[in-house]
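Chains as they are written, first to last, in the working numbering: chain H, 27 to 282; chain S, 27 to 282; chain Z, 27 to 282; chain C, 27 to 282.
All residues carry an ideal CB built from backbone N, CA and C; glycine is no exception.
In what follows, a single structure is set out as structure tokens and then discussed.
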């Protein structure tokens with residue numbers, strides 16, 4: 027029997043600005059990454075998103091990002107590891123406050139956008155993020171890119187961690203994602219995307235862009251909720267999982 | 027034997043901008059109100075301030091404010107009670123994260139500036155703030171203006187609360203502060219300020235601006251740390267307390 | 027022959043956040059009020075919006091607001107007249123920079139949301155806003171609520187001004203808008219809304235909520251572009267204007 | 027006869043936060059670089075700073091930066107050239123609004139911090155900044171690091187530009203600044219710093235960190251105003267200039 031987590035980035039609306047189809051996506055995922063007010067989200071949106079997750083019994087994770095609302099946290103910023111550590115601590119606590127008030131338990135932390143990408147490769151940054159999580163609550167789970175420095179640092183520290191894979195992205199031979207600027211970086215054929223994910227889960231393998239098979243751990247699959255097409259793909263993925271005997275379950279049931 | 031808490035607003039620096047003499051003030055107070063990043067403070071300043079408080083064994087409180095950095099949280103804003111509740115929850119959690127990481131316990135919450143003043147008179151606002159605190163952790167203490175709606179609402183809810191008094195401010199007959207725009211609103215004679223505070227603590231009385239004596243509860247006295255003169259006044263106050271048999275202790279030892 | 031300006035609030039997107047149907051609305055209005063980055067809009071959105079207006083030959087106005095992105099500039103803030111003056115100067119200059127770069131001339135300034143509403147009644151605030159505009163460029167036109175303090179102050183200063191009316195709002199006998207919280211504040215019957223506007227333009231009269239006819243000047247009519255229904259209403263209004271011999275023209279051709 | 031401009035970064039206070047000794051520095055410099063609200067400064071500070079410059083007859087330049095108040099614009103950010111162009115246009119216009127209101131003319135634009143440093147080496151970024159300036163007002167002067175891409179791009183575009191040198195920094199053989207992280211990057215001996223600047227102005231030469239003499243153009247010297255020591259150094263520099271027959275004059279009198 028196989029199990030996998032489905033996660034999505036949620037709670038990204040801000041004031042009068044709406045992004046995402048949260049009430050439709052939340053029931054489809056086992057883990058929700060909730061924005062914490064730095065790159066997206068605001069306190070009232072966070073309160074509402076946590077309540078939606080509670081109603082759907084989706085597990086909740088903090089989704090901290092850089093303080094760059096206009097750039098949606100997607101622009102690299104040269105922030106020192108000490109400052110990143112403090113901003114991760116801050117954002118975890120802010121989100122966890124809504125969980126505590128709602129009587130539920132925070133499950134995981136997944137850095138967002140540029141912070142996620144930079145920390146996948148930067149040892150000092152990855153370590154700072156893991157320390158923030160560990161010092162706040164050593165029972166939380168870090169979710170990071172499969173084969174990344176974030177997972178290396180979490181394991182070294184004794185912090186539980188989950189490897190995240192992407193259905194719609196190509197991989198290099200070293201297990202990193204092919205940069206979006208390169209041709210072939212996106213897997214646009216949905217059937218191929220689904221079958222690649224199924225193989226990652228069942229065999230722990232994926233074919234890199236070079237054609238070579240590489241090892242990959244798939245604890246959680248990232249899905250999007252920013253439009254009807256994205257939602258339909260989640261349904262397709264869940265159907266394939268059902269047919270293949272793969273059960274969807276939150277991270278806390280997958281990661282030891 | 028009398029006891030009273032001494033509190034001060036701290037951690038108000040932001041990035042390259044420094045305000046206050048925190049390392050000098052923290053050892054002089056029993057309770058520190060630490061800014062939470064909305065009207066002042068940033069994650070790295072919060073980490074450092076919490077560490078300073080831990081080193082001095084000063085108790086820590088969250089000091090949430092309106093999201094108005096350029097106005098330092100001092101400008102009234104027409105924010106709905108639901109939005110204020112969410113922003114208080116957010117800020118408490120953000121500060122508490124640094125306390126958790128440092129292995130210490132958050133003691134109290136004191137709203138800042140315009141939020142403090144508006145909630146002193148506005149029942150719905152006061153109730154929203156108390157609910158945010160109570161739902162986050164019902165063992166926290168709300169610190170509010172003596173005789174204010176904040177204390178009324180906290181008591182009605184079963185939330186512990188502390189009455190704050192000001193050494194340098196005149197009082198109206200109804201127990202509220204005389205508006206700063208009125209003549210006589212500030213007590214500029216330091217000896218008079220000290221003797222008024224001593225009387226509030228020992229007799230539970232203060233002479234209002236009209237000349238009439240009124241009842242007042244003084245669980246905590248607010249002191250400032252924004253200059254050498256302010257620091258000297260704290261010393262003067264502590265000397266008077268020692269001479270009068272008034273012990274300084276954190277709120278958690280004063281409020282039942 | 028009658029002429030009237032049609033204006034709409036535009037350029038309100040921010041970073042990854044999209045609001046409004048700007049490319050559809052801009053060709054339908056004679057004057058565009060473009061957000062300036064405080065309550066909505068960002069520099070890249072402003073550059074794009076100014077270009078869209080230039081392409082459609084719609085006149086451009088600055089739409090300054092309070093620094094409250096999460097509240098969309100709709101929450102009253104107790105900002106001093108001196109600070110409001112400075113923030114209006116700042117925002118006018120910021121928007122005008124894109125006009126200068128595009129080789130077009132800024133036509134008007136219309137304050138947004140809470141700033142617009144507060145300045146309609148507050149003499150000092152209205153005066154500060156008018157001074158900011160006059161000192162920046164005395165040939166600009168202030169657009170303000172018909173019968174408001176903003177128009178009174180502009181006229182006293184020798185600043186050109188335009189009276190704005192609303193098709194979908196009821197009026198009090200003193201010419202102010204009926205508060206949204208009161209029953210009957212919105213004119214929901216579209217045919218009635220159209221005929222009221224036509225009468226305001228041709229007769230200078232509108233029936234107040236009390237039933238009494240009052241005087242009103244209609245230099246510009248505010249229309250919305252936040253959905254298909256709003257867009258359809260603009261078409262309806264333009265059809266009625268054509269049938270009634272009312273020509274749509276930018277403010278600069280209407281205000282002397 | 028030699029002439030040189032003295033410039034300093036000013037107007038960096040923000041709300042209740044004070045930085046710099048502006049009223050003491052402004053009379054000592056010929057050109058003031060005024061922060062525009064993104065990395066430092068706010069509208070009310072800008073209004074006041076422009077007035078101080080007008081009173082001292084110091085020429086005014088816009089000092090645009092990245093939207094990173096907590097990092098004071100000193101952290102590299104991966105912003106696209108198109109977005110940087112828009113944010114420079116915005117900030118120039120915002121500052122120029124205060125100049126227009128005060129009846130004075132904006133003289134130059136000097137990017138701040140990380141934007142300045144990144145654009146010194148990045149051709150696309152440098153070009154975007156120069157285009158923003160040129161399209162806003164082709165008579166403005168760009169101030170950039172001597173020997174940098176910013177000057178290369180400005181010259182290619184026909185935009186007037188000024189080469190800035192630093193008294194307290196060592197230079198590489200290629201004319202770039204030695205990174206602060208390298209030993210020997212700072213010239214700490216004040217007499218040496220003064221004599222190096224005098225030689226840059228009179229001979230157009232400076233000794234690089236390798237010991238080799240290199241060519242350098244010194245149109246403007248950057249001085250600091252963040253403390254009594256920095257102010258004293260400006261006095262020392264002006265005394266040396268007087269003794270050496272070097273006249274201090276604003277950029278507009280130096281750059282053709």
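Practice problem: Would you list the residues sitting across from residue 200 of chain Z in a DSSP beta bridge? | Solution: Within the third chain, residue 200 of chain Z is the residue found at index 174, counting from 1. According to DSSP, residue 200 of chain Z bridges with nothing at all.
For residue 112 of chain Z, decide whether its Cβ has a neighbour in chain C, counting only Cβ atoms nearer than 9 Å.
By one-based count along the third chain, residue 112 of chain Z stands at place 86. Chain C contact via Cβ: present.
Per DSSP, which residues does residue 212 of chain C bridge with? Please list them.
The residue you call residue 212 of chain C lines up with position 186 of the fourth chain. DSSP, once it has assigned bridges, lists C:195 as partnering residue 212 of chain C.
| query | Relative to the C-alpha of residue 138 of chain S, which residue among S:228, S:34 and S:278 is closest? | reply | Numbered from 1 along the second chain, position 112 holds the residue referred to as residue 138 of chain S. The option with the nearest alpha carbon to residue 138 of chain S is S:34.
**Request:** List the residues of chain C that residue 45 of chain S touches, going by C-beta distances under 8 Å, in chain order.
**Result:** The sequence position of residue 45 of chain S within the second chain is 19, counting from 1. Chain C residues near residue 45 of chain S: 42 and 43.
Quiz prompt | Contacts of residue 51 of chain H in chain Z (Cβ-Cβ under 7 Å) | solution = Numbered from its first residue, the first chain carries residue 51 of chain H at position 25. By Cβ distance, chain Z contributes nothing, its closest Cβ being about 17 Å from residue 51 of chain H, past 7 Å.
Review point. Closer than 7 Å, Cβ to any Cβ of chain C: which residues of the region 99-110 of chain H, in chain order?
Key: 101, 102, 103, 104 and 105
inquiry  = Checking 9 Å against the spacing of the C-beta atoms, do residue 232 of chain S and residue 191 of chain S come in under that value?
reply    = Position 206 of the second chain, counting from 1, holds the residue named residue 232 of chain S. Position 165 of the second chain, counting from 1, holds the residue named residue 191 of chain S. Yes.
My assumption, with CB atoms under 8 Å, is that residue 115 of chain S sits in contact with residue 160 of chain S. Please give the rounded CB distance. Locating residue 115 of chain S in the second chain gives position 89, counting from the first residue. Locating residue 160 of chain S in the second chain gives position 134, counting from the first residue. Incorrect: roughly 11 Å between the Cβ atoms, too far for contact.
Open item on the list: Please confirm whether residue 69 of chain Z has its beta-carbon closer than 9 Å to some beta-carbon of chain C.
Closed with: Translated into the one-based positions of the third chain, residue 69 of chain Z becomes position 43. Judged by the 9 Å Cβ criterion, residue 69 of chain Z is in contact with chain C.
Within the continuous beta strand (DSSP E) that includes residue 169 of chain C, where are the two ends?
Working through the fourth chain from its first residue, we reach residue 169 of chain C at position 143. Note, residue 169 of chain C: beta strand (DSSP E), 167-171.
Original post:
If the cut is a Cβ gap below 7 Å, which residues of chain C does residue 169 of chain Z touch?
Top reply: Taking the first residue of the third chain as 1, we reach residue 169 of chain Z at position 143. Within chain C, no residue comes near residue 169 of chain Z; the closest Cβ sits about 18 Å away, beyond 7 Å.
Which word fits residue 261 of chain S, buried or exposed, when buried means at least 16 other C-beta atoms lie within 10 angstroms of its C-beta? As a working mapping, residue 261 of chain S is identified with position 235 in the second chain. It counts as exposed.
For the beta strand (DSSP E) that residue 240 of chain C lies in, which residues bound it at each end? For the purposes of this step, residue 240 of chain C is identified with residue 214 of the fourth chain, where counting begins at 1. 239-241 is the span of the beta strand (DSSP E), which, as asked, contains residue 240 of chain C.
Which same chain residues end up closer than 7 Å to residue 100 of chain Z when comparing Cβ atoms and leaving out the 5 residues on each side of it in sequence?
Counting from one through the third chain, the residue named residue 100 of chain Z turns up at place 74. For residue 100 of chain Z, where only same-chain residues beyond five positions count, the Cβ hits under 7 Å are 139 and 140.
- Going along the chain, which residues of its own chain have a beta-carbon closer than 8 Å to the beta-carbon of residue 40 of chain C, five neighbours each way excluded? As a first step, residue 40 of chain C is located in the fourth chain; it is residue number 14 there, counting from the start. Exclusion of the five residues before and after residue 40 of chain C leaves 66, 67, 68, 71 and 95 as the residues of its chain whose Cβ lies within less than 8 Å of its Cβ.
- Item | Chain-order list of residues whose beta-carbon lies under 8 Å from that of residue 164 of chain S (same chain, five-residue window excluded) | Locating residue 164 of chain S in the second chain gives position 138, where the first residue counts as 1. Taking residue 164 of chain S as the centre and dropping the five residues before and after it, the same chain places the C-beta of 184 and 185 closer than 8 Å to its C-beta, in chain order.
May I ask you to report which of helix, strand or coil DSSP gives residue 272 of chain C? As a position in the fourth chain, residue 272 of chain C is number 246, starting the count at 1. Here residue 272 of chain C carries a strand assignment [DSSP, helix/strand/coil].
(message) Report the CB separation of residue 213 of chain S from residue 206 of chain S in whole angstroms; it is logged as a contact under 8 Å.
(response) Walking along the second chain from the start, residue 213 of chain S turns up at place 187. Walking along the second chain from the start, residue 206 of chain S turns up at place 180. Actually they are not in contact, since the Cβ atoms of residue 213 of chain S and residue 206 of chain S sit about 12 Å apart, beyond 8 Å.
Own chain partners of residue 270 of chain C with C-beta closer than 6 Å, once the 5 adjacent residues on each side are dropped: In the fourth chain, residue 270 of chain C corresponds to position 244, counting from 1. The residues are 224.
| request: Have a look at residue 123 of chain H and residue 255 of chain C and give me their C-alpha separation to the nearest angstrom. | output: Mapped onto the first chain, residue 123 of chain H falls at position 97. Mapped onto the fourth chain, residue 255 of chain C falls at position 229. Going from the Cα of residue 123 of chain H to the Cα of residue 255 of chain C covers about 46 Å.
message: Please confirm whether residue 137 of chain S has its beta-carbon closer than 9 Å to some beta-carbon of chain Z.
response: Numbered from 1 along the second chain, position 111 holds the residue referred to as residue 137 of chain S. No, because no Cβ of chain Z sits closer than 9 Å to the Cβ of residue 137 of chain S.
**Q.** Contiguous beta strand (DSSP E) assignments of at least 3 residues, all confined to the region 44-112 of chain S
**A.** Listed in chain order, they are 57-61 and 85-89.
Can you check whether the C-beta of residue 48 of chain H is within less than 9 Å of a C-beta belonging to chain C? Indexing the first chain from 1 puts residue 48 of chain H at position 22. So no, residue 48 of chain H is outside the interface.
message = Between the alpha carbons of residue 151 of chain S and residue 210 of chain C, how many angstroms are there, rounded?
response = Here residue 151 of chain S refers to the residue found at position 125 of the second chain. Here residue 210 of chain C refers to the residue found at position 184 of the fourth chain. Using only the alpha carbons, I get a separation of about 58 Å.
**Prompt:** Shortest alpha-carbon distance to residue 203 of chain H belongs to which of H:62, H:147, H:178 and H:216?
**Reply:** Counting from 1 along the first chain, the entry for residue 203 of chain H is found at position 177. The option with the nearest alpha carbon to residue 203 of chain H is H:147.
* **Residues sharing a beta bridge with residue 40 of chain H, DSSP** => Counted from its first residue, the first chain places residue 40 of chain H at position 14. Beta-bridge pairing links residue 40 of chain H to H:43.
What residues from chain C crowd round residue 97 of chain S, counting only those whose CB sits closer than 7 Å?
On the second chain, residue 97 of chain S is found 71 positions in, with the first residue counted as 1. Per Cβ cutoff of 7 Å: 41.
query: What residue range is occupied by the uninterrupted beta strand (DSSP E) comprising residue 181 of chain C?
result: To locate residue 181 of chain C, count along the fourth chain from 1; it is residue 155. Where residue 181 of chain C is concerned, there is no enclosing beta strand (DSSP E), although the alpha helix (DSSP H) it sits in stretches over 175-183.
- request: Give the range of the alpha helix (DSSP H) segment to which residue 6 of chain C is assigned.
  value: This structure cannot speak to residue 6 of chain C, because chain C is shown only from 27 to 282.
So with Cβ pairs under 9 Å, would you call residue 90 of chain C a contact of chain H? Residue numbering aside, residue 90 of chain C sits at position 64 when the fourth chain is read from its first letter. Any Cβ of chain H closer than 9 Å to the Cβ of residue 90 of chain C would place that residue at the interface, and such an atom is absent.
Query raised in the report: Counting along the chain, where does the beta strand (DSSP E) carrying residue 279 of chain Z start and finish?
Result: The residue you call residue 279 of chain Z lines up with position 253 of the third chain. Premise fails: residue 279 of chain Z is in no beta strand (DSSP E) and is neither H nor E.
Could you pull the DSSP bridge partners for residue 134 of chain Z from this structure?
The residue labelled residue 134 of chain Z in the question sits at position 108 within the third chain. Answer is Z:87 and Z:167.
Checklist entry - Are at least three pairs of beta-carbons, each pair with one atom in the region 242-254 of chain S and one in the region 49-61 of chain S, less than 8 Å apart? => result yes
- Query: Of the residues H:177, H:258, H:238 and H:263, which one's Cα is nearest the Cα of residue 219 of chain H?
  - Reply: Counting from 1 along the first chain, the entry for residue 219 of chain H is found at position 193. Closest by alpha carbon: H:263.
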